[in-house]
Every structure is written in structure tokens, then in C-alpha cells.
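Residues in the sequence shown are numbered consecutively from 1, following the UniProt record's numbering. All C-beta atoms, glycine included, are put in the ideal place defined by N, C-alpha and C. Remember, predicted model here, so these are calculated numbers, not experimental data.
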Amino acid sequence: MNENVKKESPVRSVRSDIYDWLQCIVMAIVICVLFFSFIVRLVDVVGSSMYPTLEDGDKIIVSNLFYTPKQGDIIVFRKDEYREEPLVKRIIAVEGQTVDIDFEQGIVYVDGEALDEPYIAEPTNDPENFIGPVEVPEGCVFVMGDNRNASTDSRTTSIGMVDTRCIMGKVYFTVFPLKNFGSDYDG
């Protein structure tokens with residue numbers, strides 16, 4: 001046996017192990033913070049405007065990584081001048097499309113075509129201050145809640161057209177409550 005080989009002292013070994021563990025914990029925290037700041041976000045649904053698709057208190061996973069808004073997507077966006085909490089709505093039309101609503105029949109038209117909307121709570125019958133038809137400007141989307149008669153959305157001047165730069169991301173699935181876990185919201 002070689003006597004020149006030094007044995008590591010038990011104190012140094014414990015310090016080294018503690019340092020290694022702390023380094024792993026710090027890296028895990030940094031990765032989690034980056035992941036939940038730039039790739040996905042956990043958002044609380046506030047209110048009933050997306051009922052029956054989403055309910056007040058649902059926790060949803062949202063991401064804007066490589067996301068381009070498209071008709072039918074459920075999105076989360078900020079409209080700070082209206083409300084501090086993020087808003088959750090469905091994209092009805094994207095830039096260049098024309099939206100019109102027949103409030104007597106409760107039918108929404110995009111580019112003259114009636115939308116098939118099996119996801120809504122009930123047809124829209126409240127014109128609010130919507131005067132159509134309207135064309136969605138460049139860089140914007142027209143959004144509505146699935147609970148049409150209890151939703152403040154692009155039909156109102158307080159929300160209006162949503163600038164795509166205000167979109168936090170697309171809703172991909174629900175994580176809570178567990179009865180809705182993993183629900184898919186592809187438009």
C-alpha cells in the first residue's frame with residue numbers, strides 16, 4: 001500500500017458533501033425560476049367569464065414560447081388599465097379578420113361565416129357597446145369569454161381589441177382542481 005496517498009479527513013468530506021448539496025439546491029431553484037418566468041406560467045382564473053370551460057379559481061398552465069395567436073385559442077393577457085389580474089379569454093378573430101354579432105340570434109360571425117361554438121355557456125344577447133362589423137387591426141386580436149353574457153371582452157370599450165404584445169401566452173391545460181387536470185384547450 002502506498003503511504004504517500006493522503007486520506008481525506010472526515011470533516012473535509014462532510015463540508016464537501018454539504019457544499020455539493022447546496023450547489024445542487026441553488027441550481028434547481030435557479031432552473032425553476034427561469035422555467036416559470038420565461039417558459040411557462042401558473043395563472044389563477046379570476047371570475048366566471050370563461051365558464052363552463054374554465055371556472056373561478058382554476059389554476060392553468062400558460063406559455064408563450066414559440067406562440068403565434070390563432071382563432072379559437074384560449075389566452076391570458078394583461079390589460080392593466082382595466083384590471084391588475086391577468087384576463088383569460090378565447091380568441092375569436094385575429095388581425096385582418098372581420099367580426100360581426102347577431103344579438104337577436106346570438107351568433108358570432110367571422111369574415112361572414114357563423115362560428116360553431118359548442119363551448120359557450122349560452123349565446124350572446126347583450127350588445128354592451130359593440131357596434132359591428134369591425135375589422136381586427138394589425139397586431140391585435142378580438143377576444144370573448146365563453147360565458148358571453150357575463151364577460152367583459154373585446155365587445156366593450158374597456159377591453160377592446162387586445163394588442164398581441166399584451167398576451168402572456170396560450171392556455172395549455174389545467175393543473176387544479178384535480179378533476180380538470182390535464183384538460184386540453186386547443187381551439
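Problem - Cβ neighbour criterion (16 or more within 10 Å) applied to L181 - result: For the purposes of this step, residue 181 is taken as residue 181 along the sequence shown, with counting starting at 1. The question names Leu, but residue 181 in the sequence shown is Phe. Exposed: under 16 other Cβ atoms inside 10 Å.
Handout entry: Simplified DSSP state of M27, which is helix, strand or coil
Key = Mapped onto the sequence shown, residue 27 falls at position 27. In this structure, M27 counts as helix in the three-state DSSP scheme.
Practice task
Go to E84, then tell me how far its beta strand (DSSP E) extends in each direction, as first and last residue.
Solution key: The residue you call residue 84 lines up with position 84 of the sequence shown. That run of the beta strand (DSSP E) goes 83–94.
Practice task
Would you please verify whether the beta carbon of S183 is less than 7 Å from any beta carbon of chain C?
Solution key: Absent from the structure: chain C. Only one protein chain is present.
Handout entry: Alpha carbon of E84 to alpha carbon of K170, nearest angstrom
Key = Stepping through the sequence shown from its first residue, residue 84 is reached at position 84. Stepping through the sequence shown from its first residue, residue 170 is reached at position 170. Take the alpha-carbon of E84 and the one of K170: they are about 19 Å apart.
Handout entry: Start-end ranges of the beta strand (DSSP E) lying completely within the segment 133–187, minimum 3 residues
Key = Counting whole runs of 3 or more residues, the segment 133–187 contains the beta strand (DSSP E) stretches 140–144, 167–176.
Handout entry: I29 burial status per 10 Å Cβ neighbour count (16 or more: buried)
Key = Locating residue 29 in the sequence shown gives position 29, where the first residue counts as 1. I29 comes out exposed.
Problem - Neighbour-count burial assignment, F35, 16 or more Cβ in a 10 Å radius - result: Numbered from its first residue, the sequence shown carries residue 35 at position 35. By the neighbour-count rule (16 or more Cβ atoms within 10 Å), F35 is not buried but exposed.
Practice task
Determine contact between the segment 122–139 and the segment 15–22, defined as no fewer than three beta-carbon pairs at a distance below 8 Å.
Solution key: In this structure the segment 122–139 does not touch the segment 15–22; the number of beta carbon pairs closer than 8 Å is below three.
Handout entry: Identity of the residues DSSP links to T53 by a beta bridge
Key = Your numbering for residue 53 matches position 53 in the sequence shown. Looking at the DSSP assignment, T53 forms no beta bridge with any residue, so it has no partner.
Exercise for the section: Note down the Cα distance separating I75 from M27, rounded to an integer number of angstroms. Expected result: Locating residue 75 in the sequence shown gives position 75, counting from the first residue. Locating residue 27 in the sequence shown gives position 27, counting from the first residue. Distance between the alpha carbons of I75 and M27 is about 31 Å.
Problem - For V14: DSSP bridge partner residues - result: Taking the first residue of the sequence shown as 1, we reach residue 14 at position 14. In the DSSP output, where bridge partners are listed per residue, V14 has none listed.
Practice task
Would you tell me roughly how many angstroms separate the C-alpha atoms of S49 and S37, rounded to the nearest one?
Solution key: Here residue 49 is taken as the residue at index 49 of the sequence shown, counted from 1. Here residue 37 is taken as the residue at index 37 of the sequence shown, counted from 1. Approximately 26 Å between the Cα atoms of the pair.
Problem - Rounded separation between M144 and S151 - CA only - result: Walking along the sequence shown from the start, residue 144 turns up at place 144. Walking along the sequence shown from the start, residue 151 turns up at place 151. Whole-angstrom Cα-Cα distance: 7 Å.
Practice task
Take P86 and list the residues in its own chain whose beta-carbon comes closer than 7 Å to its own, dropping the five residues that flank it on each side.
Solution key: Here residue 86 refers to the residue found at position 86 when the sequence shown is read from its first residue. Exclusion of the five residues before and after P86 leaves V43, V76, F77, R78, M168 as the residues of its chain whose Cβ lies within less than 7 Å of its Cβ.
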